[in-house]
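Have a look at the structure below before the remarks.
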Amino acid sequence: MAALLEYIPLIIFFVFYKMFDVFVATGALMVASILQIIILKIQKKPIEKRQWVFLGLIVVFGGMTIIFHDDLFIKWKVTIINAFFGIALLVSRYAFKKNLMTNLMGEQLKLPEAIWDKFNLAWAVFFFVCATLNLYVAYNYDQEIWVNFKVFGLLILTFVFAIGSIMSIYKYIPQDEEESGSEKLTQEENK
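Numbering-wise, numbering that gives the first Met the number 0 puts 59 at position 60 of the sequence shown, and it's gapless, one number per residue.
What follows is the structure in structure tokens.
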């Protein structure tokens, strides 16, 4: 549910874009993103670092989009966010010897270190591909196509890649974990 709530500013951006233009939509995105953080603060829920990074980039690039009346700034935000994630995954792993994917999912999945490294690298490459694709669409297609790509294309690509990457590591999940999970389910069904 929390992940779905993170997409509300994007949905608001899309609706305002369809009703008005990219500049009004960018302003709506900025307001929605700020409100999202305020609501989390009021609810005393933790605000992750990436949410602060997103907000900062949205405010900076959104503000420049509106001030200079140039949609390239908001288009570049998408590329910068994806590149940031790709760089963060690589730097944390190879400079600080910390695998962010293990930190993120390691409690749910017990995998060999080499598999976590491949998983981490695959996601880093995926983020760089998304960053590049965004620039390609931004510079080679009209604004309408870019907005649809940003809202739907990247979301679908991420969903498909997530499913594919989970399926690719499934075979490495130790059998005792898998069996204990199915035994637990069978025991619950028998109650």
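Glycine is no exception: its CB is placed at the ideal position from the N, C-alpha and C atoms.
Assign residue i to buried or exposed, taking buried as 16 or more other Cβ atoms, counted over all protein chains shown, within 10 Å of its Cβ.
i	result
leucine 99	buried
tyrosine 16	buried
lysine 76	buried
aspartate 70	buried
valine 14	exposed
isoleucine 161	The sequence given here places alanine at residue 161; isoleucine does not occur at that position. Answer is exposed; the Cβ neighbour count stays below 16.
asparagine 133	buried
alanine 123	buried
isoleucine 37	exposed
valine 159	exposed
asparagine 139	exposed
leucine 41	The question names leucine, but residue 41 is isoleucine in the sequence shown. Answer is exposed; the Cβ neighbour count stays below 16.
alanine 137	buried
isoleucine 80	buried
glutamate 187	Any reading at glutamate 187 must be qualified, since the residue scores a pLDDT of 49, below 50, and its modelled position is unreliable; no value is offered.
phenylalanine 19	exposed
Taking the alpha carbon of residue i as the reference point, which residue from the options has its own alpha carbon closest?
i	options	result
phenylalanine 83	Phe13, Ile10 and Phe125	Phe125
lysine 117	Tyr138, Lys44 and Leu89	Leu89
phenylalanine 53	Ala121, Asn119, Gln35 and Ile65	Gln35
lysine 170	Thr101, Val21, Phe13 and Ile114	Ile114
arginine 49	Gln142, Gly85, Val128 and Glu112	Gly85
leucine 120	Tyr138, Thr101, Asn133 and Thr131	Thr101
alanine 130	Lys149, Gln142 and Asp141	Lys149
threonine 78	Glu5, Trp145, Lys40 and Asp141	Trp145
histidine 68	Ala24, Trp122, Lys40 and Arg92	Ala24
threonine 64	Phe151, Phe22, Glu143 and Asp141	Phe22
leucine 39	Tyr93, Ala94, Leu4 and Tyr135	Leu4
alanine 31	Leu9, Trp51, Lys43 and Asp20	Leu9
Since residue i contacts residue j with CB under 8 Å, what's their CB separation in whole angstroms?
i	j	result
phenylalanine 60	isoleucine 46	So it is not a contact: roughly 20 Å between Cβ atoms.
isoleucine 165	leucine 110	The pair is not a contact, with the Cβ atoms about 11 Å apart (cut-off 8 Å).
isoleucine 66	methionine 29	With 8 Å as the limit, isoleucine 66 and methionine 29 do not qualify as a contact, their Cβ atoms being about 12 Å apart.
isoleucine 11	alanine 27	5 Å
Along the chain, where does the alpha helix (DSSP H) that runs through residue i open and close?
i	result
valine 23	21–41
lysine 76	71–93
asparagine 133	112–139
tyrosine 16	7–18
valine 58	48–67
glycine 163	153–169
valine 191	In this structure the chain extends from 0 to 190, so residue 191 is not present and cannot be described.
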